[in-house]
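**Student:** I'd like to ask you about the structure that follows.
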Amino acid sequence: MRHRFPVFERRVYINSCSQGALSDSVRDAYAHYLGDWDEHGAPWEYWVGRLDAVRSSIAGLVEADEDEIAVTTSVSAGVSALASGLRFEEGRDKVVISDFEFPTIGQIWHAQERRGFRVEHVPAEADGTIPLERFEAAIDERTALVAVTHVCFRNGSRLDVEAVTRLAHERETLVLVDAYQTVGSLPVDVHALGCDFLVAGVLKYLLGSAGLAFLFCRRDLVVGIEPTTTGWFADRDIFEMDIHDYSPAASARRFEAGTPPIPSIYAAIAGIELMQEIGIAETELHVRELNGLLRGGLSELGATVVTPAEPERSGALLCVRSTDVNALVAALDAAGIVTSSRDDNLRISAHAYNTAEDVGALLDALAANRALLG
Ligand SMILES: Cc1ncc(COP(=O)(O)O)c(C=O)c1O
52 MRHRFPVFER
62 RVYINSCSQG
72 ALSDSVRDAY
82 AHYLGDWDEH
92 GAPWEYWVGR
102 LDAVRSSIAG
112 LVEADEDEIA
122 VTTSVSAGVS
132 ALASGLRFEE
142 GRDKVVISDF
152 EFPTIGQIWH
162 AQERRGFRVE
172 HVPAEADGTI
182 PLERFEAAID
192 ERTALVAVTH
202 VCFRNGSRLD
212 VEAVTRLAHE
222 RETLVLVDAY
232 QTVGSLPVDV
242 HALGCDFLVA
252 GVLKYLLGSA
262 GLAFLFCRRD
272 LVVGIEPTTT
282 GWFADRDIFE
292 MDIHDYSPAA
302 SARRFEAGTP
312 PIPSIYAAIA
322 GIELMQEIGI
332 AETELHVREL
342 NGLLRGGLSE
352 LGATVVTPAE
362 PERSGALLCV
372 RSTDVNALVA
382 ALDAAGIVTS
392 SRDDNLRISA
402 HAYNTAEDVG
412 ALLDALAANR
422 ALLG
């Protein structure tokens, strides 16, 4: 299916941790959106139907039910709606977040300090892991919620979300998982993870585009949370158009807000369908093989891989230390290879469409820039 991603005619694209490559079907989905607009004028009912269709795709993807999924415009929008609905309870005023969280997660929970919450960070070890004992020390009977990322966007470290969830639930603490760096790259099952909430978006390994994300909320928690960050698409009846009260939907739709991102919905449906056609479990195995080759080559170059080596402690993203990462990304770009960086790390993120030849080309380019690997 590599021919379905035209970027490979020109470049080696190995940067899906930032954004997935554009496929023919996602491009067609945008054309389809414009065609429907042109042909029908304002096909609102059909568009609302597309919203339900993407909700159903997402539910299938993470093994949730449709009424547990809110379709949002970003992870930030979903987490902000969730945070706005969590009531500050006497005796449970703490939010625990790992030091591997994406900025938006840290910023949103620190914003809740204005509402009386306290935020405690769980620090990482020098080896790029966060041992379970560190979560154990931070989560206590005063903790309302723990926010934990599945795979860290900075260093590719994968956290033991299942174990953190078990620990949190023993202390009656809610768990929010940020699965943006895993969804689409490996099977994500909200029940297997055991989490209460999970957020992700479709821009990266789900091959969609910007503007569409989602929040999973466990069904039995939904009606107890009343988001104050809200809008008419969160109402129990969107078309009631009542300005006199706030009656949120009985489902996770209550975490939504205003007009849905219709073009992004078309793209998301196409991206998710394509990934499912390719196979997400198969993709995980394929990328594991490619990353094995990559690690072998990097070790021959004497490079420092900062992503933990144990298979269960990493995902698709592999990060490599550099002495000047901006220069390294630019040098690779000049060689026709698209990667990205965070901190001092080069981020390499293979996906279903990458091949052993891509890895070979990347290793050759890294060998030519050996000095930048330190
Ligand atoms: C782990 C993680 N969380 C969240 C985001 C982005 O969140 P948002 O959809 O709010 O921009 C990213 C994207 O770069 C990410 O890697």
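Here the sequence shown is numbered in my numbering, starting from 52 and rising by one per residue. Backbone N, C-alpha and C fix where the C-beta goes; we use that ideal spot for every residue, glycine too.
By DSSP, does S391 sit in helix, in strand, or in coil?
**Tutor:** Residue 391 sits at position 340 when you count from the first residue of the sequence shown. DSSP places S391 in strand when its eight states are reduced to three.
**Student:** Should L272 and A121 be called a contact, given that it needs their Cβ atoms to be closer than 9 Å?
**Tutor:** Sequence index remark: in the sequence shown, residue 272 carries index 221 (1-based). Sequence index remark: in the sequence shown, residue 121 carries index 70 (1-based). Taking 9 Å as the Cβ cut-off, L272 and A121 do not qualify as a contacting pair.
**Student:** Hey, would you say S76 sits closer than 9 Å to A321, going by beta carbons?
**Tutor:** Position 25 of the sequence shown holds residue 76. Position 270 of the sequence shown holds residue 321. A contact, by the Cβ cut-off of 9 Å.
**Student:** Mind checking which residues open and close the alpha helix (DSSP H) that includes S315?
**Tutor:** Along the sequence shown, read from residue 1 onward, the residue named residue 315 stands at position 264. S315 -> alpha helix (DSSP H) spans 313-329.
**Student:** I want to know whether the region 72-89 touches the region 232-241 - three or more CB-CB distances under 8 Å.
**Tutor:** Cβ pair count under 8 Å is below three, so no.
**Student:** Thinking C-alpha only, which one of L345, A418, V250 is nearest I399?
**Tutor:** Walking along the sequence shown from the start, residue 399 turns up at place 348. When only C-alpha atoms are compared, the closest one is L345.
**Student:** Does D409 come out as helix, strand or coil in the three-state DSSP assignment?
**Tutor:** By one-based count along the sequence shown, residue 409 stands at place 358. Three-state DSSP puts D409 in a helix.
**Student:** Secondary structure at T200, three-state DSSP: helix, strand or coil?
**Tutor:** Residue numbering aside, residue 200 sits at position 149 when the sequence shown is read from its first letter. Three-state result, T200: strand.
**Student:** Taking all protein chains shown into account, do 16 or more other C-beta atoms lie within 10 angstroms of the C-beta of Q158, making it buried, or fewer, making it exposed?
**Tutor:** Position 107 of the sequence shown, counted from the first residue, corresponds to residue 158. It counts as exposed.
**Student:** For ligand 1, is there any heavy atom lying closer than 8 Å to the beta carbon of A264?
**Tutor:** Along the sequence shown, read from residue 1 onward, the residue named residue 264 stands at position 213. Yes, the beta carbon of A264 sits closer than 8 Å to at least one heavy atom of ligand 1.
**Student:** Go to G252, then tell me how far its beta strand (DSSP E) extends in each direction, as first and last residue.
**Tutor:** Here residue 252 is taken as the residue at index 201 of the sequence shown, counted from 1. G252 -> beta strand (DSSP E) spans 248-252.
**Student:** Residues in the same chain with beta-carbon distance under 6 Å from T124, minus the five sequence neighbours each way, listed in chain order, please.
**Tutor:** As a working mapping, residue 124 is identified with position 73 in the sequence shown. Cβ neighbours of T124 beyond the five flanking positions: G262, P312.
**Student:** With hydrogens ignored, establish whether the beta-carbon of K145 is closer than 8 Å to any heavy atom of ligand 1.
**Tutor:** To locate residue 145, count along the sequence shown from 1; it is residue 94. K145 Cβ: outside cutoff for every heavy atom of ligand 1.
**Student:** Would you say the beta carbon of G126 is closer than 8 Å to some non-hydrogen atom of ligand 1?
**Tutor:** As a first step, residue 126 must be located in the sequence shown, where it is residue number 75. Looking at the sequence itself, residue 126 is Val, so the reference to Gly does not match. Indeed, a heavy atom of ligand 1 lies less than 8 Å from the Cβ.
**Student:** Quick check: does the Cβ of G322 come within less than 8 Å of any heavy atom belonging to ligand 1?
**Tutor:** One-based indexing of the sequence shown puts residue 322 at position 271. Checking every heavy atom of ligand 1 against the Cβ of G322, none is found closer than 8 Å.
**Student:** When every heavy atom of ligand 1 is checked, does at least one fall within less than 8 Å of the C-beta of L336?
**Tutor:** Numbered from its first residue, the sequence shown carries residue 336 at position 285. Because no heavy atom of ligand 1 lies under 8 Å away, the Cβ of L336 does not count as near it: no.
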